[in-house]
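Participant: Numbering (the working numbering), first residue to last: 15 to 397. Sharing a structure, written as structure tokens. Questions coming.
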Ligand code: FES
Ligand SMILES: [Fe+2]
């Protein structure tokens, strides 16, 4: 297996109880979801001053808003009086540059979180409003995407965040793209099961017949040509089954393989675009760049046995405004594939509850799962 990506030894997977026990889940919330950069939305989802959205990660709740001066800021969505939630809605618009608690009307300046007024007749002499400001959450705007981090000390480091980082993201101009379609799905599985499924293609031919036809290398149960022990033998074989990429004649992930004449400006004239480029950021998102659009998938845990998937398809405005471009072609294809993965994840989850202490096993092609497990094990103690 020299030179191949594959694991040389089979290795133990995580204990099955880690996919449903609340102790591990709470540890993950603290050690991962509270420490890592979490993808929230495209900045155009909070387009105008005073627009806000809320982000729910299990029981954590964050409000992200654009203030009257066009600055995007994030706070813990918790009133400093007695802890009521400030904004309950998933999205909305503030009446003015204030966040007002619905319970007893404490008001906070939306730009800096400062407490502006309480509802008491008088403020006690030992009460210092400055000590009761909203708690700020770190926020980073990157290529038009809004990320937050509940750890105020955390540093942003693009290359270590995206294990498959590709400079192309800085060229596509994602900040100017528009959301053309959104889709949400609740999946009855632990959030780790989603990422495990994402990390291998052993399931591809039987779970994704359509995708395996479009991306022939997936039909061989591998993600990359170097996942096959004898890949060097096929270096000269032009068949995409051995070279990766899309099947002959296909341009993008769509029902008929066509990009309908719309190519992202920065990718026009490239002859060697591989069909898709993934950028993956555990634990909360991945994006896939295609020749005509970008798809971003957001993962959020609801509880130890349930997660939510929120997906946005981004297009250049010229593409969306082209009367001959039917976005259904790409939307329906990806929805089909993601639905198949959701079903597979639920299938996986249903089997983990039996009273056994025997963990599963990772096979050679599951090297990405091992990387994911190594990353998890550095942060959480799974026994
Ligand atoms: S809990 Fe918010 S004002 Fe009382
Ligand atoms: Fe899949």
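The C-beta atom is built at its ideal place from N, Cα and C for all residues, glycine as well.
#1: Is residue 98 closer than 8 angstroms to residue 115 when the C-beta atoms are compared?
#2: For residue 25 versus residue 222, is the C-beta spacing smaller than 8 angstroms?
#3: Nearest to residue 194 by CA position, among 367, 203, 325, is which residue?
#4: Comparing alpha-carbon positions, which option in 281, 280, 321 lies nearest residue 299?
#5: Looking at residue 235 and residue 255, is the spacing between their C-beta atoms short of 8 angstroms?
#6: Is DSSP giving residue 20 helix, strand or coil here?
#7: Is it right to say residue 56 is buried, meaning 16 or more other beta carbons lie within 10 angstroms of its own, or is it exposed?
#8: Within 10 angstroms of the Cβ of residue 36, are there 16 or more other Cβ atoms? Answer buried if so, exposed if not.
#9: Hey, is the stretch 45-56 in contact with the stretch 158-173, meaning 3+ C-beta pairs nearer than 8 angstroms?
#10: I'd like to check one pair, residue 378 with residue 205: are the Cβ atoms closer than 8 angstroms?
#11: To which residues of the same chain is residue 474 closer than 7 angstroms at the C-beta, ignoring the five residues directly before and after it?
#12: If we count the other Cβ atoms within 10 Å of its Cβ and call it buried at 16 or more, is residue 367 buried or exposed?
#13: Closest by CA to residue 328, which one among 65, 68, 126, 189?
#14: Taking 8 angstroms as the cut-off, decide whether the C-beta atoms of residue 258 and residue 238 are in contact.
#15: Can the beta-carbon of residue 185 be found less than 8 angstroms from the beta-carbon of residue 334?
#16: Can you check whether the CB of residue 306 is closer than 8 angstroms to the CB of residue 349?
#17: What residues does ligand 1 have around it, judged by CB closer than 5 angstroms to any heavy atom, in chain order?
#18: Among residues of its own chain, excluding the 5 on either side of residue 15, which ones have a beta-carbon nearer than 8 angstroms to its beta-carbon?
#19: Using C-beta distances below 6 angstroms, list every residue in its chain close to residue 113, excluding the 5 sequence neighbours before and after it, in chain order.
#20: At what residue ranges does the stretch 85-157 contain a whole run of the beta strand (DSSP E), taking only runs of 3 or more?
Facilitator: A quick look at the data gives this:
#1: yes
#2: no
#3: 325
#4: 321
#5: no
#6: coil
#7: buried
#8: exposed
#9: yes
#10: no
#11: Residue 474 lies beyond the residue range present for the chain, which begins at 15 and ends at 397; the question has no answer from this structure.
#12: exposed
#13: 189
#14: yes
#15: no
#16: no
#17: 93, 95, 96, 98, 115, 117, 118, 120
#18: Summary for residue 15: the model assigns pLDDT 48, below 50, so the residue's position carries little reliability, and this model does not support an answer.
#19: 100, 122, 124
#20: 86-90, 105-107, 112-114, 121-123, 129-131, 150-156
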